[in-house]
Amino acid sequence: MNAVRALLRKDLLLELRAKESVPAMALFSLTTFVIFHFALDRNTVAGSLASGVLWVTLLFAAILGINRLFVAEREQGGFDAFMLAPVDRTAMLIAKACALFIFLTIVELIAVPAFAFLLLEGSILPALPGLIAVLVLANIGIAVIGTLSSAIAVQTRARDLIAPLVALPLLVPLLIASARATQPLLLSGGALSVPTKWIAVLGLYDLVFALLSYAVFDFLLEE
Amino acid sequence: MYGKGMRPLAIGTFFVLTGAFALVFFWVPADADQGFIQKIFYLHVPMAIVALGGFIAGGVMAICHLRTGNSKWDLRSYVSIHMALVLAVGALITGSIWARAAWGHWWVWDEPTLVSFLIVFLLYATYQPLRFAIEDPEKQARYASVFAITAGAFVPLNFLAVRMAQSLAHPRVLGATGGSMPSEMRITFYVSLIGMALLFITLWKYEMASKHTTAQLRNLRRRLLGDDSVAPTGRSAAPSTVLPARPKP
C-alpha cells in the first residue's frame, strides 16, 4: 500500500508541476464541444444526441491521458527504478489507474459544466446525481482499461497509434452502457431516473477488467 | 513434427467440406422466406463460430505461454489468431452479402451478432501491428500474449454487452441453431461446422509446419555453412522461430 501511495504521489506531483495531461485533456474537450456545435449545426442538444456528444468527447479526451500515462516511466527510467524496488508489481497498476481516475475526474469537473453551459438543452441540475454515478463507474472502467492498454502500447515504436487502437474497441461496451445510462438523464423534458440495468453492466464490466488487468499486469513489467 | 498426420487430416477435411457443400446444394431444402440465398448461412455461420473459437484458443495458448515461458506456445497462439483473422474477414464479407440479400442493406446495425463481431474484429486487427511495433522478440511474445488473453476474455463480454443493448427492441428472428430449424438444416449446419473446424485445424497445422521447417532449414544452413550464410531476419510480426546461434567451438 505504501508503494501505491508513493507512486500515486509522484504521479500527481509530476502532473502538478509539469501539467502535461490534465490541461490538455480539458482544453481538448472544450474544443470538441465547439467542433460539435459547428459539425452538428445545432445550438442545443438533448437526449441521445447529448449523451453521445458528451461521451465521445470524454472518451477521446481520456485517450490523450492514456497516451501519456507511461511515457515518463519509459523515457526517464521510471520502469527500471520501479523494477529495482522490492515491491509488488501490481502497485504500479493500482497507482497508475488511480492517477488516471483522478485526471479524468478533474477533466470532467471542467468539461461537464462546460457542456451544460455550451450545448445542453435545459438544466443539468436534475440529472446531476445520476450523472455523477455513471461518471464515477465509467471513470473506473476507463482508468483500468486505459492503464492496461497504455502499458501494452508503451514499449512499441508507435505507441501513440497502438494505444487508442487497443483501448477503443475494449471501451466500446463501456461506451454502450454509459451512453444508454446517460440518455434518459439528458432529455429535454427533464431527467428520468438512471436505468439500473446499465449501472449494473458498468459495475460488472469494471470488476471483470480490474481482475483481468490484475492477472496479466505482472507480465508487462518483467525484464 | 507438425507435419505428422497432415495427409489424413487434409484428406478428411477435403471430404467433409465437399460433403457439406454437396448437402448444402443438393439435399437441404431452400428456406421458405429467403430461398436460395439462405444457403450462405452454411458458410457464414461456421466461419464466424470457428473464427471466434480460434480467437479464444489463441487466448488459451497465450495463457500457456505466460505460464510456461515456452515460446512454442507463443507461435501457436500467433498462428491461431492469424488463421482466425482470415476466417473473420470471410465471415464479415459473407455476412454483408447475406444482409444485403435478406434485408436489403450491406450493413445492419441492429443485428447484435454482426456488430459485436465487427468490434471483436477491429480489436484483433491491432494484434499484428502491435507485434510488428515491438522489436525485441522476447518482449514481443510476452506483450502479444497479454493482448491475446485480454482480447480473448473480451470476446464473450462484448457479445453480452452488445446483445443487451439491442435485445429488447429486436427479437432474434434468425436464431442460428434455434430449435425451430428442420432436422435436414440442422444436420447440414453441423456438418458444415465440423468441416470448417477441420479446415481451421489443417491450416493451423500447415502454417505451424511451414514455420517450423523454415526455422530448421535456417539452423541447418547455419551449422553447415556458418553464420554468414543465413540472411538476418528482418523485423516481423510473426514470432521468431530461429534458435539462438550456437557458440563456435
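Each protein sequence line maps, in turn, to chains X and C. Residue numbering for the first sequence follows my numbering, starting at 71 and increasing by one per position. Residue numbering for the second sequence follows my numbering, starting at 26 and increasing by one per position. The C-beta atom is built at its ideal place from N, Cα and C for all residues, glycine as well.
Asked	Found
Any beta carbon from chain X within less than 8 Å of C:Arg188's own beta carbon?	no
Under the DSSP definition of a beta bridge, which residues are partnered with X:Leu190?	X:Val115
Quick one: what's got a C-beta closer than 7 Å to C:Phe61's C-beta in the same chain, skipping five residues either side?	Ala55
Taking the alpha carbon of X:Pro196 as the reference point, which residue from X:Thr252, X:Leu124, X:Ile164 has its own alpha carbon closest?	X:Thr252
So C:Val226 and C:Asn183 are supposed to be a Cβ contact under 8 Å. How far apart are they, rounded?	Checking the sequence shown, residue 226 of chain C turns out to be Ile, not Val. Actually they do not touch by this definition, with Cβ atoms about 25 Å apart.
What's the gap between the Cα of C:Gln63 and the Cα of X:Leu119?	37 Å
Between C:Ala35, C:Val140, C:Leu112, C:Ile174, which lies nearest to C:Ala124 when the distance is taken from Cα to Cα?	C:Val140
Going residue by residue through the segment 133 to 201 of chain X, where are the continuous alpha helix (DSSP H) segments of at least 4 residues, counting only ones entirely within it?	141 to 145, 148 to 154, 160 to 188
By a C-beta neighbour count over all protein chains shown, 10 Å radius and 16 as the cutoff for buried, is X:Thr266 buried or exposed?	exposed
Examine chain X for any beta-carbon lying closer than 8 Å to the beta-carbon of C:Asn183, and answer yes or no.	yes
From X:Ile212, X:Gln225, X:Ile222, pick the residue whose C-alpha is nearest to that of X:Ser248; which is it?	X:Ile212
Counting only the same chain and skipping the five closest in sequence on each side, list residues whose C-beta sits under 6 Å from that of C:Arg289.	Because chain C here runs from 26 to 274, residue 289 of chain C falls outside it and cannot be looked at.
Determine the burial state of C:Glu160: buried for a count of at least 16 other Cβ atoms within 10 Å of its Cβ, exposed for fewer.	exposed
Taking the alpha carbon of X:Arg75 as the reference point, which residue from X:Ile269, X:Pro199, X:Val157, X:Leu244 has its own alpha carbon closest?	X:Val157
Could you name the residues of the same chain whose beta carbon sits closer than 6 Å to that of X:Ala184, not counting the 5 residues immediately before and after it, in chain order?	Leu100
For the pair the segment 26 to 41 of chain C and the segment 277 to 285 of chain X, tell me if three or more CB-CB distances fall below 8 Å.	no
Output needed for C:His130: all residues of its chain with C-beta closer than 7 Å, excluding positions within five of it in sequence on either side, in chain order.	Ala124
Could you tell me whether any Cβ in chain X is nearer than 8 Å to the Cβ of C:Arg167?	yes
Could you confirm whether any beta carbon from chain C is found closer than 8 Å to the beta carbon of X:Ile254?	The residue asked about is misnamed: residue 254 of chain X is Pro in this sequence, not Ile. Output row for X:Pro254: interface = no.
Give the single residue among X:Arg250, X:Ala167, X:Arg227, X:Leu277 whose Cα lies nearest to the Cα of X:Leu201.	X:Arg250
What are the start and end residues of the alpha helix (DSSP H) that includes C:Asp99?	96 to 128
How is the alpha helix (DSSP H) around C:Phe51 delimited, first residue to last?	It is not in any alpha helix (DSSP H) - C:Phe51 carries neither H nor E in the DSSP assignment.
Quick one, which of X:Ser258, X:Met71, X:Val271, X:Ala270 has its alpha-carbon nearest X:Met32's?	The question about residue 32 of chain X has no answer, for chain X in this structure spans 71 to 293.
Just reading off the alpha helix (DSSP H) that C:Val75 is part of, what are its end residues?	66 to 93
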